[in-house]
Structures are given as structure tokens and as C-alpha cells.
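Comments concern the structure below.
Numbering (the working numbering), first residue to last: 12 to 127.
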């Protein structure tokens, strides 16, 4: 798989690029507040955004394309699971390994990390 770069329309581009964040720790004591330096945000969408769920659906749209037709991907919010069935443990193990290989490659090609 090859990660493709797609030119973004102006609205999406302004929404996703040139964003920064920092962490602030606010204490009840005087002069105990602390904060990090501003850092560029290079991945993801702003938390609680309206476009976040839409981008997630578009981003994961082709995930199920490489899965075996018998297997059922379940995608809800930012969580993805795959249901597998088999007639015996050996077949199930083989199916799991095959799907995990595909998913690992897909996630890696799309800049994501698979949490097993």
C-alpha cells in the first residue's frame, strides 16, 4: 500500500494545517502554574469538531476492502473491531493472522497505529 497525498480544498486545508497546541497545568497555589511551549499539531483533527466524524468515515472508508468477505468490521466513533468466525480453532487462528497482517499493513500505510 502507498500513502497518497491528496490536495486539500481551501476550507479543509485551513481547518487541518498550521495548528498548534500546548499543555497548561493550573494550580490553586500562587506562582505554581506551568505550561509547555507551543508545538505544531501534524496529525488528527481538533477534538470536538463537527468535521471530525466526517473525516474519520472518509479516512477509514477503504479499510474493509481488503478484509475477507466473511469477516465483519465494526466501526464506531474512533474504535474499530473485526468479528471473525471459523469452524475450528486452527482455521480461526489462520484467519486472525491473515486479517492482522492486512490491518497492520493498512494502518501503517495510512499513518495509524494498530493497538492489539
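Just so you know, even glycine gets a beta-carbon here, dropped at the ideal spot from N, CA and C. Note that this is a predicted model, so its numbers are computed, not measured.
Evaluate residue 49 with the Cβ neighbour count: other Cβ atoms within 10 Å of its Cβ, from every protein chain shown; 16 or more gives buried, anything less gives exposed.
-> exposed
Roughly how many angstroms lie between the CA atoms of residue 98 and residue 79, to the nearest whole one?
-> 15 Å
What first and last residue would you give for the beta strand (DSSP E) that runs through residue 31?
-> 30-32
Burial state of residue 56 (16 or more Cβ within 10 Å) = buried
Taking one C-beta from the segment 97-113 and one from the segment 58-66 each time, how about it: are there three or more such pairs within less than 8 Å?
-> no
Compare the C-beta of residue 68 against all C-beta atoms of chain D and say whether one is closer than 8 Å.
-> Structure shown: chain D not included; a single protein chain is present.
By a C-beta neighbour count over all protein chains shown, 10 Å radius and 16 as the cutoff for buried, is residue 114 buried or exposed?
-> buried
Boundaries (first-last residue) of the beta strand (DSSP E) holding residue 93 | 90-94
Count the other C-beta atoms from every protein chain shown that fall within 10 angstroms of the C-beta of residue 8, then say buried if there are 16 or more, exposed otherwise.
-> No information on residue 8 is available, as it lies outside the stretch 12 to 127 that the chain covers here.
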